[in-house]
Every structure is written in structure tokens, then in C-alpha cells.
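Working notes, structure below.
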């Protein structure tokens with residue numbers, strides 16, 4: 001009975017296609033809601049009811065539910081009985097337009113404190129010496145900090161500074177002050193520019209533990225080589241930001 | 001026997017501290033090696049022997065092994081019997097300095113092709129209409145593309161374009177051409193600027209499947225609102241880049 005066989009074959013295929021289509025629609029909707037959430041678009045941090053979201057976005061109720069599931073999976077929202085879906089993320093904007101220290105860039109959001117896990121001279125391996133413009137095997141100051149905003153872990157920063165400047169950092173209040181600010185104070189000149197590279201990586205077990213994030217959590221990895229105003233490279237950093245706590249924003253132009 | 005008790009207590013604590021210290025050192029070393037790997041610093045894509053790395057970086061052999069484990073965990077390197085540790089990542093630089101389409105920015109690395117998963121008009125939800133400067137519930141063109149470089153999935157892009165311009169895109173070769181280039185052709189003017197936001201997120205199951213990445217894989221999420229030279233917003237995009245295939249690089253200045 002070929003007709004029947006066609007039917008039994010067609011139904012699962014159509015169902016699979018519907019599921020795929022709904023997953024695609026849920027992702028698109030989740031992206032729009034995610035923007036509203038991060039832009040503070042929901043007064044009081046409470047999202048509209050599912051039915052209202054469905055109407056507002058021209059989506060089915062199941063698609064809305066699946067989109068909210070995606071946002072819950074990212075720990076951006078939570079469902080609270082009797083309240084609805086509420087924003088629970090603490091995600092802060094970090095500018096990509098201007099070279100700034102963390103305390104500077106987040107000062108309106110709270111207090112940045114740094115747990116100095118390691119500080120001291122190390123012999124610079126060739127790639128570090130090279131990038132800081134130093135002879136190979138010179139000592140550099142190595143600093144490892146767990147940085148918190150309002151007490152919550154935000155990033156793990158590994159920093160290399162040439163020793164002639166780094167020695168001065170040893171006497172400074174690294175717990176409460178951006179290295180950027182200290183470098184400007186110690187050298188008496190403003191910072192100039194920095195080359196940066198951004199990547200998304202899954203946190204290894206140990207880094208995740210330090211950042212108090214789940215193993216495999218997405219981390220925004222920033223590598224930054226900062227130069228003084230006179231061009232001298234003075235600060236090589238490897239920064240792991242918790243992906244759920246930072247967004248980077250900036251402006252790109254078509255012509256340079 | 002307090003002395004004995006002290007000893008049995010001290011040994012695990014000291015061992016735990018050593019393990020932690022080694023994990024910290026391995027992370028710092030892995031970050032340095034990662035830079036060399038991504039910068040193409042290893043001729044032929046083969047890393048130096050463990051003993052040479054230990055000498056070059058002033059690290060213990062166990063620390064070197066643990067650092068290489070971290071890089072293997074990220075699929076940046078692999079161990080090949082009889083060869084050593086080889087670079088296996090295919091990670092490409094995407095500029096953060098200039099507004100460019102994917103094919104433009106990666107043209108030296110190969111051919112970008114786009115699988116158009118969806119294209120057609122949708123009623124713009126309020127936040128989309130608002131950001132594109134359109135009245136609420138106007139139709140916009142929605143495009144969903146899986147973008148590949150040399151055949152390998154690179155990003156999943158969701159795009160919204162005002163219909164007066166979008167209608168023209170329907171007849172274009174979206175498979176092989178950047179939307180940016182088509183927008184410039186259709187409007188007869190260059191693009192101007194774009195506001196961007198970057199985040200690191202863990203891929204949900206469905207997005208991971210589309211990108212052929214493991215579930216939970218770190219994704220670099222780019223939201224971008226692009227304006228024409230005359231300032232009109234014409235292209236709202238939500239892009240998920242596979243974290244293991246893209247780095248974003250740019251230059252920041254201290255003063256604007």
C-alpha cells in the first residue's frame with residue numbers, strides 16, 4: 001500500500017521541519033528579546049506575558065516559550081511563579097571605542113575590586129619580551145588579578161609590565177586601582193593606544209572555578225597590548241571576561 | 001601525636017597549592033602559546049618539543065604538558081604520534097577597525113559562501129521597526145544565512161533590511177555576495193557606520209547543530225546596526241560566529 005507508506009513517511013518529515021522552523025523562529029525572537037533585556041527595555045525587569053509577546057512579535061505561543069527557554073538557558077531571565085519572566089542577568093557594557101580601565105568604564109555600575117592572586121617579577125619569555133620591546137629574558141612584572149564588580153567575579157587578568165615601570169606598581173594599591181591609571185601616574189604621561197584581539201572560548205575547568213562560572217562557560221577573551229602616548233608598549237594583558245557579565249560595544253566606520 | 005597529625009594534614013594542603021599554582025602557570029603559558037599559534041608563529045604548524053618549550057618559557061615539563069592540554073581542549077592543537085604537537089585550528093581574523101562584509105574581510109583566506117536558509121518579508125516587531133527608523137508593523141526583509149569559509153561553517157546571520165531596499169535584494173546573488181556590497185549597489189551610496197555589540201555565549205542545541213559545533217560551544221555573538229553614508233539605518237544583524245573560527249582584532253585609543 002504505497003499511499004499509506006507515503007503518509008507514514010511524510011508525517012515525521014513534516015513534523016521535523018516544523019520543529020526546525022520553530023527552533024529558527026525561536027532563535028530570531030530570542031535575539032530580539034535579548035537586545036531589549038540588555039538595553040534595559042523592560043521596566044522593573046519583568047517581561048510581558050507570553051500572550052502579549054506572541055502578539056507583539058507575531059509569533060506562536062510555543063515559539064515564545066521556546067525563545068524564553070533559550071534566554072533562560074543563558075541565565076538572562078528566570079521564571080518566577082506569580083510574577084512571570086524576570087531579567088536576572090547582571091551584564092555590563094564595556095566600551096570598544098576608547099581605551100579604558102575596568103573601574104573607569106564601569107564606574108556608573110558599581111565598585112571594581114581586584115584580588116591580586118600573584119604579583120612579582122618573572123623572566124620574560126621571548127614573545128613577551130618581543131612585544132614589550134625588551135631584550136629577551138629581561139625581568140618583567142607579572143600580575144594576576146581576579147576582578148570583581150560589586151563583589152561578583154567579572155574577569156581574570158594576566159598582566160606583563162616592563163620592570164622599570166612595574167617596580168613602581170609594587171608599592172601601589174592594586175586592589176582598588178586600575179593598572180591603566182597607575183601606569184599614567186608612574187610614567188607621567190597618558191596612555192596612547194592598544195592593539196586588541198577578542199575571542200569567544202569555553203572556560204577550562206580551572207579558569208571556570210576561579211571565575212565561579214560553570215565549567216565550559218563561554219568566556220570573552222581579550223588580549224591587549226597597550227602603549228604609552230609616546231608609543232612605548234607597557235602593558236601586555238590576557239583577560240578572561242565571564243561571558244554572562246560583559247558586553248563590548250563600539251562603533252565601526254566604513255572608511256578609515 | 002601532634003607532629004604526625006600536622007604532617008598528614010600539611011601534605012594534602014601543600015599538594016593542593018602546588019596543583020593550583022601549576023594550573024595558574026599552565027593558563028599563563030597557554031595564553032602565550034595561543035598568541036603564537038594564532039599569529040602563525042610556528043613554521044609548518046608544528047610546536048617546539050615539550051622540553052624546548054619548558055626551557056624557552058622557564059616552565060616545568062608538567063606545566064608545559066598541562067598548557068598543551070588546555071590548547072587541545074580548545075581544539076587549537078593536536079598531538080600527532082611521531083610529529084609532535086601540531087596546530088589544527090582554522091581561526092581567521094575579522095577586523096574591528098573598519099566596517100566590512102565577511103567576504104571582504106576574509107578574501108585572502110578563501111571563499112565565503114552563504115546558504116540562504118530563509119528569505120522573505122516579515123512584519124517588523126516594534127524593536128526592529130524602531131531601530132530601522134520605520135513605522136511599527138511595516139514589512140521588512142528577513143534573511144537567515146549560514147555562512148561558510150571554504151565550505152566550513154563560520155557564522156549564522158539573521159538580517160533585517162527595510163523593504164524598500166530589501167525588495168531589491170530578492171533578485172540578487174545572496175549565495176555569493178556580502179549583503180553590505182549589495183546594499184551599496186542598490187542604494188548607490190557607501191555604507192557609513194555601524195553600532196556593534198559583542199558577547200560570548202554558549203551555543204544552544206539548535207544553533208550548535210546548524211553551525212556543526214558541539215552543543216554549548218562558545219559563540220562570538222555580534223549584534224550590528226549598519227547605517228548608510230547619509231545616516232539611514234538599513235541593516236540590523238544578529239550574527240553567531242563559531243568561537244573556534246574567528247578572532248576580532250582592532251585598535252583602541254585613549255583619547256577620542
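Protein chains in written order, with full-length UniProt numbering: chain A, 1 to 256; chain B, 1 to 256. Quick reminder that beta carbons are idealized off the backbone N, C-alpha and C, glycines included. Note that the structure is predicted; figures quoted are calculated from it, not measured.
Asked: Would you say residue 143 (chain B) reaches chain A, if we count a Cβ-Cβ gap shorter than 8 Å as a contact?; Found: no
Asked: Along the stretch 122-137 of chain B, what residues have a CB closer than 7 Å to any CB found in chain A?; Found: 123, 125, 126, 127, 128
Asked: Going by DSSP in three states, residue 241 (chain A) sits in which element: helix, strand or coil?; Found: strand
Asked: For the UniProt domain "HTH gntR-type" (23-90) of chain B, which segments carrying the alpha helix (DSSP H) assignment without a break, of at least 4 residues, lie completely within its bounds, in sequence order?; Found: 50-57, 61-73
Asked: Scan the stretch 29-61 of chain A for residues whose Cβ lies nearer than 7 Å to a Cβ of chain B and list them as they occur along the chain.; Found: 31, 32, 35, 36, 56, 57, 58
Asked: Is it right to say residue 83 (chain B) is buried, meaning 16 or more other beta carbons lie within 10 angstroms of its own, or is it exposed?; Found: exposed
Asked: Using the Cα positions of residue 145 (chain B) and residue 174 (chain B), report the straight-line distance between them to the nearest angstrom.; Found: 9 Å
Asked: Secondary structure at residue 118 (chain B), three-state DSSP: helix, strand or coil?; Found: strand
Asked: For residue 114 (chain B), count neighbouring Cβ atoms within 10 angstroms of its own Cβ and tell me buried if that reaches 16, exposed if not.; Found: buried
Asked: In this structure, how does DSSP classify residue 21 (chain B) when only helix, strand and coil are distinguished?; Found: helix
Asked: Does residue 191 (chain B) come within less than 8 Å of chain A when only Cβ atoms are used?; Found: yes
Asked: Checking the sheet assignment: what are the DSSP bridge partners for residue 161 (chain B)?; Found: B:141
Asked: Nearest chain B C-beta to residue 146 (chain A) closer than 8 Å, yes or no?; Found: no
Asked: Who are residue 199 (chain A)'s beta bridge partners in DSSP?; Found: A:221
Asked: List, in order along the chain, the chain A residues whose C-beta lies closer than 7 Å to that of residue 206 (chain B)?; Found: 23, 27
Asked: Mind checking who residue 94 (chain B) pairs with in its DSSP beta bridge?; Found: B:248
Asked: Taking the C-alpha atoms as reference points, what is the distance between residue 153 (chain B) and residue 77 (chain B)?; Found: 19 Å
Asked: Tell me whether residue 248 (chain B) is buried or exposed, calling it buried when 16 or more other Cβ atoms sit within 10 Å of its Cβ.; Found: buried
Asked: Can you list the residues of chain A that residue 219 (chain B) reaches, using a CB-CB cut of under 8 Å?; Found: 200, 218
Asked: Which same chain residues end up closer than 6 Å to residue 241 (chain A) when comparing Cβ atoms and leaving out the 5 residues on each side of it in sequence?; Found: 155, 220
Asked: In three-state DSSP terms, what is residue 12 (chain B)?; Found: helix
Asked: Three Cβ pairs or more, each shorter than 8 Å: is that satisfied between the stretch 188-207 of chain A and the stretch 164-174 of chain A?; Found: no
Asked: Along the chain, where does the alpha helix (DSSP H) containing residue 131 (chain B) start, and where does it finish?; Found: 126-131
Asked: How far does the alpha helix (DSSP H) with residue 213 (chain A) in it extend, from its first residue to its last?; Found: Counting along the chain, residue 213 (chain A) falls outside any alpha helix (DSSP H), and DSSP gives it neither H nor E.
Asked: To the nearest angstrom, how far is it from the Cα of residue 69 (chain A) to the Cα of residue 33 (chain A)?; Found: 12 Å
Asked: Below 8 Å, can you find three or more Cβ-Cβ pairs linking the stretch 224-243 of chain A to the stretch 120-132 of chain A?; Found: yes
Asked: Interface residues of chain B around residue 15 (chain A) at Cβ under 8 Å?; Found: Residues of chain B passing the Cβ test: none, with the nearest at roughly 15 Å.
Asked: Is the CB-CB distance between residue 121 (chain B) and residue 97 (chain B) below 8 Å?; Found: no
Asked: Output the distance between the C-alpha atoms of residue 148 (chain B) and residue 210 (chain B), rounded to the nearest integer angstrom.; Found: 12 Å
Asked: Going by beta carbon distance, what residues of the same chain come within less than 6 Å of residue 64 (chain A), once the five residues before and after it are set aside?; Found: 50, 53, 54
Asked: Report the three-state DSSP secondary structure of residue 232 (chain A) (helix, strand or coil).; Found: coil
Asked: Tell me which residues of the stretch 82-113 of chain B have at least one Cβ-Cβ distance to chain A shorter than 9 Å, keeping chain order.; Found: 91, 93, 95, 96, 97, 98, 99, 100
Asked: Note down the Cα distance separating residue 184 (chain A) from residue 254 (chain B), rounded to an integer number of angstroms.; Found: 11 Å
Asked: Name the DSSP beta bridge partners of residue 253 (chain A), please?; Found: B:98, B:193
Asked: Taking only the alpha-carbon atoms, compute the straight-line gap between residue 89 (chain B) and residue 128 (chain B) and give it to the nearest angstrom.; Found: 36 Å
Asked: Use the C-beta contact count for residue 13 (chain A): other C-beta atoms within 10 angstroms, 16 or more gives buried, fewer gives exposed.; Found: exposed
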